[in-house]
Amino acid sequence: MFAGLLSKSVGHSTDFSRLAQASVEFRDVIKKYSDHVVLNNINLTISAGEVVTILGPSGSGKSTLIRLINQLEELSGGDIYIDGKPTRNIKGQALRQLRSRVGFVFQQFNLYTHLTALQNISLALVKVHGWSATAAAERGLALLRQVGLEEKAHQYPDSLSGGQQQRVAIARALAPSPQIILFDEPTSALDPEMIGEVLQVMKQLAHSGITMIVVTHEMQFAREIADRVVFIDGGQILETAAPADFFQRPAHPRARQFLQKVLDPLHQEHGE
Ligand code: ADP
Ligand code: MG
787 MFAGLLSKSV
797 GHSTDFSRLA
807 QASVEFRDVI
817 KKYSDHVVLN
827 NINLTISAGE
837 VVTILGPSGS
847 GKSTLIRLIN
857 QLEELSGGDI
867 YIDGKPTRNI
877 KGQALRQLRS
887 RVGFVFQQFN
897 LYTHLTALQN
907 ISLALVKVHG
917 WSATAAAERG
927 LALLRQVGLE
937 EKAHQYPDSL
947 SGGQQQRVAI
957 ARALAPSPQI
967 ILFDEPTSAL
977 DPEMIGEVLQ
987 VMKQLAHSGI
997 TMIVVTHEMQ
1007 FAREIADRVV
1017 FIDGGQILET
1027 AAPADFFQRP
1037 AHPRARQFLQ
1047 KVLDPLHQEH
1057 GE
C-alpha cells in the first residue's frame, strides 16, 4: 500500500519516488453548456508519464478540458480513454476508482475546513478505500513530510497560509496513489511570495514519473517542467509543441499574440 513513497524523505524534503502513470486520450471530445460549445472536437494523446502544460487565455476551455478527465464535468460528445479504456458514462464504484487514479488540485485548494491537514489527506483513504485509521494516518504523515508540512499535521486549514494549504491539497490528491494528477491554476490564488513553495513541490512531482497535466499562467514554470505545451483558445487546441519551440517560435498567430500579452503585459498595445 505504501509503494510510491520515499521512506528516507526527511524534514522539508519534497522528493517523490517513482510514481505510477497512465495515458490519457481525448477522442473527438465535445463539451457544451446548453447551446454554448466550449470545447470543440478535442483530440489529444498524453502518454503515460508525460508532463503537459495547458496554456491559453481566460475562458478558452482549459479548466473544462481537465475537469472532464475525472468527470467533474460530463462529456457532450466523444470519449476520454485512460490507459486505453473509455471512461464515458462510468458511474458508482467505477467512477470512484477512476477518481482515485486521477488526482485533482484546484485553484482554491478546496480543503475541508473542519478537518486538520492530516485528516484532509487520510479521510478518503479510510472512507473510500477501506484503509485502517492507523495506516491512513501513517500515509498522510509521510505525504505531509514530502511536501514539507509534517509539523502542521494537526492544524486546521484556516491556520495555514495559502501556500501551505495548497501543499496539503497536493498531498491529499496523491494519497490514493493516482497515476495521473491534474492541476487547475494551482498558484493563481496565492500571494506572490507563496507561489515558489508550491511550484517547488510540483517540480519534484514532475520528475516522479506520474502523468501530470497542469493549467497554469506561470510561463517560466511551464517552460521548465513541461515535456509538451498545449495551447488552447476558443475551445480548440491551436498548437501543441515542445516548450522550447512554443516559447521561441509559436506557430499559431493566436499563440504569438497570447505569449506577447503574458510575457510583456506592459507593452501589449505595441504588439504584432
Ligand atoms: P478557462 O479555464 O480557460 O478560463 P473554462 O473551461 O472555465 O475556461 O470555461 C470555458 C467556457 O465555458 C467559458 O466561456 C465559460 O464561461 C464556460 N463555462 C464554464 N463552466 C460553465 C458552466 N458551468 N456553465 C456554463 N458555462 C460554463
Ligand atoms: Mg480555468
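Numbers given in my numbering equal positions in the sequence shown, counted from 1, plus 786.
Note that the Cβ used here is the ideal one computed from N, Cα and C, for glycine as well.
Please read all numbers here as calculations on a predicted model, not as lab measurements.
For the segment 983-1013, list the alpha helix (DSSP H) runs that are entirely contained and at least 4 residues long, ordered along the chain. The qualifying runs are 1005-1011.
Quick one, which of Val954, Ile967, Lys938 has its alpha-carbon nearest Gln894's? Looking up residue 894 in the sequence shown gives position 108. Answer by Cα proximity: Val954.
Leaving out the 5 sequence neighbours to the left and right, which residues in its chain are closer than 7 Å to Ala1028 when beta-carbon positions are compared? On the sequence shown, residue 1028 is found 242 positions in, with the first residue counted as 1. These residues qualify, in order along the chain: Arg1014.
Mind the definition here: the segment 1010-1024 touches the segment 902-922 only if three or more C-beta pairs lie below 8 Å; say whether that holds. no
Is Ser849 close to the ligand ADP? I mean its beta-carbon at under 6 Å from any heavy atom of the ligand. The residue you call residue 849 lines up with position 63 of the sequence shown. Flag set: Cβ of Ser849 near the ligand ADP.
At which residue ranges does the segment 885-966 contain complete alpha helix (DSSP H) runs of 4 or more residues, listed in the order of the chain? 903-913, 919-932, 948-960
Using 6 Å as the cut-off, classify the Cβ of Gly845 as near or not near the heavy atoms of the ligand ADP, replying yes or no. As a first step, residue 845 is located in the sequence shown; it is residue number 59 there, counting from the start. True, at least one ligand heavy atom lies under 6 Å from that Cβ.
How long is the line joining the alpha carbons of Ser799 and Val933, rounded to whole angstroms? Numbered from 1 along the sequence shown, position 13 holds the residue referred to as residue 799. Numbered from 1 along the sequence shown, position 147 holds the residue referred to as residue 933. Residue confidence is low: Ser799 scores 43 on pLDDT, short of 50, so the model does not pin down where it sits. Its coordinate-derived value is still stated next. Distance between the alpha carbons of Ser799 and Val933 is about 7 Å.
If you draw a straight line from the C-alpha of Asn826 to the C-alpha of Glu1025, how long is it? Within the sequence shown, residue 826 is the residue found at index 40, counting from 1. Within the sequence shown, residue 1025 is the residue found at index 239, counting from 1. About 14 Å.
Cβ of His824 within 6 Å of any heavy atom in the ligand ADP? One-based indexing of the sequence shown puts residue 824 at position 38. For clarity, residue 824 is Val in the given sequence; the question names His instead. Checking every heavy atom of the ligand ADP against the Cβ of Val824, one is found closer than 6 Å.
What is the DSSP secondary structure of Thr831, reduced to helix, strand or coil? Position 45 of the sequence shown, counting from 1, holds the residue named residue 831. In the structure shown, Thr831 falls within a strand segment according to DSSP collapsed to helix, strand and coil.
With respect to 6 Å, is the separation between the Cβ of Tyr819 and the closest non-hydrogen atom of the ligand ADP below this value? In the sequence shown, counting from the first residue as 1, residue 819 sits at position 33. It does: the Cβ of Tyr819 is within 6 Å (strictly closer) of some heavy atom of the ligand ADP.
Can you name the start and end residues of the alpha helix (DSSP H) that Ile777 belongs to? As displayed, the chain neither begins before 787 nor continues past 1058, which places residue 777 out of reach and without an answer.
Rounded to whole angstroms, how far is the Cβ of Thr997 from the Cβ of Ile966, which I believe are closer than 8 Å? Reading the sequence shown from its first residue, position 211 is the one you call residue 997. Reading the sequence shown from its first residue, position 180 is the one you call residue 966. So it is a contact: roughly 4 Å between Cβ atoms.
Cα-Cα separation between Lys871 and Met980, rounded to whole angstroms: Counting from one through the sequence shown, the residue named residue 871 turns up at place 85. Counting from one through the sequence shown, the residue named residue 980 turns up at place 194. About 38 Å.
Under 6 Å Cβ to Cβ from Lys818, same chain only, skipping five residues before and after it: list those, please. Counting from one through the sequence shown, the residue named residue 818 turns up at place 32. Same-chain partners within the cutoff: Ser862.
Looking at C-alpha atoms only, which residue of Phe1044, Val1000, Gln950, Lys1047 is the closest neighbour of Gly889? Translated into the one-based positions of the sequence shown, residue 889 becomes position 103. Answer by Cα proximity: Val1000.
Is it buried or exposed, Pro1051, if we count other Cβ atoms within 10 angstroms and call 16 or more buried? Counted from its first residue, the sequence shown places residue 1051 at position 265. It is exposed - the Cβ of Pro1051 has fewer than 16 other Cβ atoms within 10 Å.
DSSP bridge partner residues for Gly878 (one or two, in chain order): Here residue 878 refers to the residue found at position 92 of the sequence shown. None; Gly878 has no bridge partner.
Exposure label - Ser974; buried when at least 16 CB within 10 Å: Counting from one through the sequence shown, the residue named residue 974 turns up at place 188. Ser974 counts as exposed, since fewer than 16 other C-beta atoms from the protein chains shown sit within 10 angstroms of its C-beta.
Which residues share a DSSP beta bridge with Ala1037? What you label residue 1037 is simply residue 251 of the sequence shown in a count that begins at 1. Answer is none; Ala1037 lacks a bridge partner.
Supposed contact pair Ala961 and Arg925 - C-beta distance, whole angstroms, cut 8 Å: The count along the sequence shown starts at 1 and reaches residue 925 at position 139. The count along the sequence shown starts at 1 and reaches residue 961 at position 175. Yes, Arg925 and Ala961 are in contact; Cβ-Cβ is about 6 Å, under 8 Å.
Can you give me the Cβ contacts of Ala959 inside the same chain, cut-off strictly under 8 Å, excluding the 5 residues immediately before and after it? Indexing the sequence shown from 1 puts residue 959 at position 173. Correct list, in chain order: Gly889, Phe890, Val891, Ile967.
Give a yes or no on whether the C-beta atoms belonging to Val824 and Thr850 are separated by under 7 Å. Taking the sequence shown and counting its residues from 1, the one referred to as residue 824 is at position 38. Taking the sequence shown and counting its residues from 1, the one referred to as residue 850 is at position 64. Yes. Within cutoff.
Assign Glu811 to one of three DSSP states: helix, strand, or coil. Numbered from its first residue, the sequence shown carries residue 811 at position 25. Glu811 falls in the strand class under three-state DSSP.
Identify the continuous beta strand (DSSP E) that holds Gln857 and give its terminal residues. What you label residue 857 is simply residue 71 of the sequence shown in a count that begins at 1. Taken as a continuous stretch (DSSP letters only), Gln857 belongs to no beta strand (DSSP E), as it is neither H nor E.
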